[in-house]
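Beneath this line is the structure, given in structure tokens, with notes to follow.
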């Protein structure tokens with residue numbers, strides 16, 4: 001009996017718990033849990049009762065597993081509370097509670113588990129396990145499309161979740177546990193906040209509550225900018241004909257035009273130009289007074305209509321530069337597109353009507369072709385399945401480099417010819433007066 005009593009401390013401690021060395025399921029992790037969450041009595045058992053001892057071991061192991069789960073839940077809750085995203089003035093958090101266990105499929109570091117937060121301004125992801133902490137912050141205004149996905153990736157990752165396509169070529173994938181049913185909540189919330197105008201919500205720009213010492217509406221002073229360029233001069237004046245944007249709703253309120261052109265002439269020219277975008281000064285050489293003006297196409301149509309006011313106005317632009325005897329028109333379009341636009345009422349300046357000009361086409365394709373090329377480039381750079389053997393041919397098929405070359409070659413041609421004291425006068429045009437986005 002004394003020997004049995006002497007054996008008791010070997011199997012029981014003062015709290016009635018077995019030491020970690022007795023059961024491998026309760027290793028050092030269980031001891032750590034007991035120290036963190038406080039001692040828990042699970043009852044004393046006599047060494048003479050084998051059945052009770054087995055029940056005690058099973059009960060203790062179950063409780064320790066529950067404690068482990070409880071500790072993990074506390075850690076996740078702690079991260080969610082303490083790692084909320086930094087907010088701007090006027091930014092409101094819209095935390096999706098079911099999005100705590102989300103995995104960001106990072107193309108560079110692999111899957112990263114964390115918490116996802118959504119505000120009326122951004123998407124914010126923060127890791128819960130990775131050290132140092134990984135964060136991803138994406139303004140919702142940069143998101144162009146959101147899609148639900150549900151497949152297993154080539155790397156064996158669970159890609160059931162959502163994919164965000166961004167305007168800066170990024171493609172962001174977030175995987176969710178299918179049993180949590182959190183994807184629908186996140187998708188609906190993102191779709192609503194990323195496209196506020198489609199959901200009758202205000203843009204964040206009008207919700208932002210920051211305060212500035214400078215009046216933002218007065219940051220740009222057009223008169224100060226024109227003075228910086230040396231305007232007005234004897235040949236160029238500043239016109240307020242578009243002060244209320246009635247002449248052209250996409251032009252500035254103050255325009256630099258030839259001094260010989262009065263405001264009534266500008267109105268007549270606007271009626272003959274696509275969207276009212278008349279030729280206006282964009283840049284002037286500080287010494288030689290060579291100029292670069294920009295405008296949209298003339299509305300000549302298939303019948304070859306003419307405008308005496310428009311022809312006279314272009315002559316005034318050429319006369320404003322004493323060193324130039326020709327107004328060189330750089331039409332950014334391919335010549336085929338310019339001819340085709342006649343069927344839609346547009347066209348280009350002919351030699352017969354505009355005798356003071358010399359026309360040159362730069363063969364730069366329109367914005368729709370550029371966007372399609374950019375889309376192909378994105379697919380090449382971020383393929384669903386990488387194929388290094390076809391990289392160069394895939395890049396060539398996008399025609400992106402050809403488009404970039406055409407834009408740079410045209411810009412270089414104008415820049416070289418405009419420099420120096422005897423630079424020539426240039427006039428650039430496109431279908432509607434816009435420039436291609438690259």
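Numbering (the UniProt record's numbering), first residue to last: 1 to 438. Each residue gets a CB set at the ideal place from its N, CA and C atoms; glycine is no exception.
Query                                                                                      : Result
Cβ-based burial, residue 139 [other Cβ within 10 Å; buried from 16]                        : exposed
Beta carbon of residue 353 nearer than 8 Å to that of residue 277                          : no
C-alpha distance - residue 199 paired with residue 241, whole-angstrom precision           : 38 Å
Residues bridged to residue 330 [DSSP beta-bridge criterion]                               : 360 and 428
C-alpha distance - residue 112 paired with residue 105, whole-angstrom precision           : 6 Å
Reduced DSSP category for residue 163 - H, G, I as helix; E, B as strand; rest coil        : strand
Buried versus exposed, by CB contacts within 10 Å (16 or more), residue 274                : buried
Beta-carbon spacing of residue 170, residue 148 below 8 Å                                  : no
Inter-residue CB distance, residue 292 and residue 418 (contact presumed, cutoff 8 Å)      : 6 Å
Assigned exposure category for residue 328 - 16 Cβ within 10 Å defines buried              : buried
Alpha helix (DSSP H) segment containing residue 206, residue limits                        : 204-207
Under the three-state DSSP convention, the category residue 129 falls into                 : coil
Where residue 236 falls, given that 16 or more other Cβ within 10 Å makes a residue buried : buried
Between the CA atoms of residue 398 and residue 374 - distance to the nearest angstrom     : 7 Å
Alpha carbon of residue 28 to alpha carbon of residue 211, nearest angstrom                : In this predicted model, residue 28 has a pLDDT of only 37, less than 50, meaning its place in the structure is not dependable; the value taken from the coordinates is given anyway. Cα to Cα, residue 28 sits roughly 54 Å from residue 211.
First through last residue of the beta strand (DSSP E) which encompasses residue 104       : 102-106
Contact check, residue 87 vs residue 135, beta carbons under 8 Å                           : no
Residue from 335, 101, 347 and 403 whose Cα sits closest to the Cα of residue 181          : 101
Residue 148 (DSSP reduced to helix, strand or coil)                                        : strand
Distance between beta carbons of residue 334 and residue 313, contact taken as under 8 Å   : The Cβ separation is near 26 Å, so there is no contact.
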